[in-house]
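From first to last, the protein sequence lines stand for chains F and L.
Under the working numbering, read the first sequence as residues 37 to 150, first letter to last.
Under the working numbering, read the second sequence as residues 8 to 212, first letter to last.
Beta carbons: idealized from backbone N, C-alpha and C, even for Gly.
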Amino acid sequence: MTFLVRTTHTRCCFCCTAGDIPAGWIWVYYLNPVAKALIAMSITQFACDTTPCPTIEVVTETVVRIQTKEQYVSEFLDAGFDWYGRMIGYLILTLGVVISLSFIIIKNVRHIKR
Amino acid sequence: MVVMIFLGVMFGLLYLQIDDSDLGGVVSKISVMYMGGAFCGVMHASAALPVLVRDRAVFYREQSSHTYASWLYALALILAETIYVFFFCLLFVVPLYFLVGLENTASAFWGFFLAFYLLSLIMQNTGLLFANLCPNGVVAEQAQGALISFFFLFAGVFIQSTLSYGVIGVRSQSRFVTCACSSLWQHDVLGTYDSHSLLFLLHSW
Numbered sequence: 037m038t039f040l041v042r043t044t045h046t047r048c049c050f051c052c053t054a055g056d057i058p059a060g061w062i063w064v065y066y067l068n069p070v071a072k073a074l075i076a077m078s079i080t081q082f083a084c085d086t087t088p089c090p091t092i093e094v095v096t097e098t099v100v101r102i103q104t105k106e107q108y109v110s111e112f113l114d115a116g117f118d119w120y121g122r123m124i125g126y127l128i129l130t131l132g133v134v135i136s137l138s139f140i141i142i143k144n145v146r147h148i149k150r
Numbered sequence: 008m009v010v011m012i013f014l015g016v017m018f019g020l021l022y023l024q025i026d027d028s029d030l031g032g033v034v035s036k037i038s039v040m041y042m043g044g045a046f047c048g049v050m051h052a053s054a055a056l057p058v059l060v061r062d063r064a065v066f067y068r069e070q071s072s073h074t075y076a077s078w079l080y081a082l083a084l085i086l087a088e089t090i091y092v093f094f095f096c097l098l099f100v101v102p103l104y105f106l107v108g109l110e111n112t113a114s115a116f117w118g119f120f121l122a123f124y125l126l127s128l129i130m131q132n133t134g135l136l137f138a139n140l141c142p143n144g145v146v147a148e149q150a151q152g153a154l155i156s157f158f159f160l161f162a163g164v165f166i167q168s169t170l171s172y173g174v175i176g177v178r179s180q181s182r183f184v185t186c187a188c189s190s191l192w193q194h195d196v197l198g199t200y201d202s203h204s205l206l207f208l209l210h211s212w
């Protein structure tokens, strides 16, 4: 059931891109390890190391413009293409924080009822 | 193990050999990375939870009899899961990566895999954290589900329905949520759009 609901809901074009997230919520995007992993994965796939860079036709509400794939993905995810190391560093830092919290909780939290 | 291979092959077939020479293809590739990360992360987080909650009683008993230090227990759990998650991610990513037709170079593959593996480890360790923080398994599951949904909602991506679905020829019109959103949205928006914007709508939906 969870599988079905998640599949249908994430494909319904209802979530927003980084640029569309309201200002009050953008901090979640910047702290979010999922976004960082996605940016790192996208960099490995769309980074342009050939000349000329491959282009695509981007249709927006007002114009149809030609953009390089790298440029488009960079705008889509609100990220630079030289950020791979930074994103991996952030993921390692997040992992470190989660593991440290786990250590603290395992040491200090008890749910024993006598 | 079978579930991970199955999911990897299933996603690979859904997005089989995507041609990213147009906008739909590029968005599809971003989508498959997002969906792959989401499913693998959720699988690791939710699979760990019941086992860890069950083992907690044994840990408390052994802890009260001073069998070992609590940090050793935590370290053992994390190390065991680190190796396990590595192999399970590999089983998921290998079929997915090559079926989808992502960049066929070693540096791109291992760069992709590193980010994917770290994300899965974060999700798995979030499961460990909630299993020990919450009073019981049900609460842990709810809290973890809320946090993960929050993360994925704000990952900065959406999936366009102008996709080619490879061997499984399902179009967006067959998905009830898409149809519902589309109907509601067109009713409000379509009347105010000009012909160019209609092209935009058709591209988006």
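7 Å Cβ cutoff met for residue i and residue j
i                : j                    : result
glycine 108(L)   : alanine 73(F)        : no
glycine 31(L)    : leucine 103(L)       : no
alanine 147(L)   : leucine 56(L)        : yes
tryptophan 78(L) : phenylalanine 139(F) : yes
threonine 86(F)  : isoleucine 102(F)    : no
Chain L contact for residue i (CB, 7 Å cutoff)
i                : result
glutamine 81(F)  : yes
serine 138(F)    : yes
alanine 76(F)    : yes
valine 133(F)    : no
methionine 37(F) : With a pLDDT of only 41 at methionine 37(F), under 50, the local geometry of the prediction cannot be trusted, and no value is derived from it.
tyrosine 66(F)   : no
alanine 73(F)    : yes
Candidates the options: closest to residue i by CA position
i              : options                                       : result
proline 130(F) : Thr112(L), Phe123(L), Ile129(L) and Glu110(L) : Note on identity: in this sequence residue 130(F) is threonine, with proline being the wrong assignment. Closest by alpha carbon: Ile129(L).
arginine 61(L) : Phe95(L), Val145(L) and Gln24(L)              : Val145(L)
leucine 154(L) : Leu14(L), Val49(L), Ile25(L) and Met8(L)      : Val49(L)
tyrosine 91(L) : Met42(L), Ala54(L) and Ala64(L)               : Ala54(L)
valine 94(F)   : Phe93(L), Asp29(L), Met40(L) and Ala64(L)     : Asp29(L)
valine 34(L)   : Ile62(F), Glu111(F) and Pro58(F)              : Glu111(F)
Sequence-distant residues of its chain with Cβ nearer than 6 Å to residue i (five each side left out)
i              : result
cysteine 47(L) : Phe99 and Ser127
8 Å contact criterion, which residue i and residue j should meet: CB distance rounded
i               : j                    : result
valine 134(F)   : asparagine 132(L)    : 4 Å
glutamine 81(F) : phenylalanine 119(L) : 7 Å
leucine 113(F)  : serine 78(F)         : 6 Å
alanine 162(L)  : valine 70(F)         : 4 Å
Proximity test, residue i beta-carbon vs the ligand ZN heavy atom, cut-off 6 Å
i             : result
alanine 83(F) : Among the components of this structure there are no ligands whatsoever, and the ligand ZN is therefore not found.
Interface flag, residue i vs chain F, CB-CB below 7 Å
i                 : result
aspartate 29(L)   : yes
threonine 74(L)   : no
threonine 133(L)  : yes
asparagine 111(L) : no
alanine 52(L)     : no
Cutoff 7 Å; reference residue i; Cβ partners in own chain excluding five residues on either side
i              : result
alanine 150(L) : Phe137 and Cys141
Cutoff 8 Å; reference residue i; Cβ partners in own chain excluding five residues on either side
i                : result
histidine 194(L) : For histidine 194(L), the predicted structure reports a pLDDT of 40, less than 50, and the residue's modelled location is therefore unreliable. A value from the coordinates is still provided. If we look at histidine 194(L) and ignore the five residues flanking it on each side, it has no Cβ neighbours.
leucine 67(F)    : none
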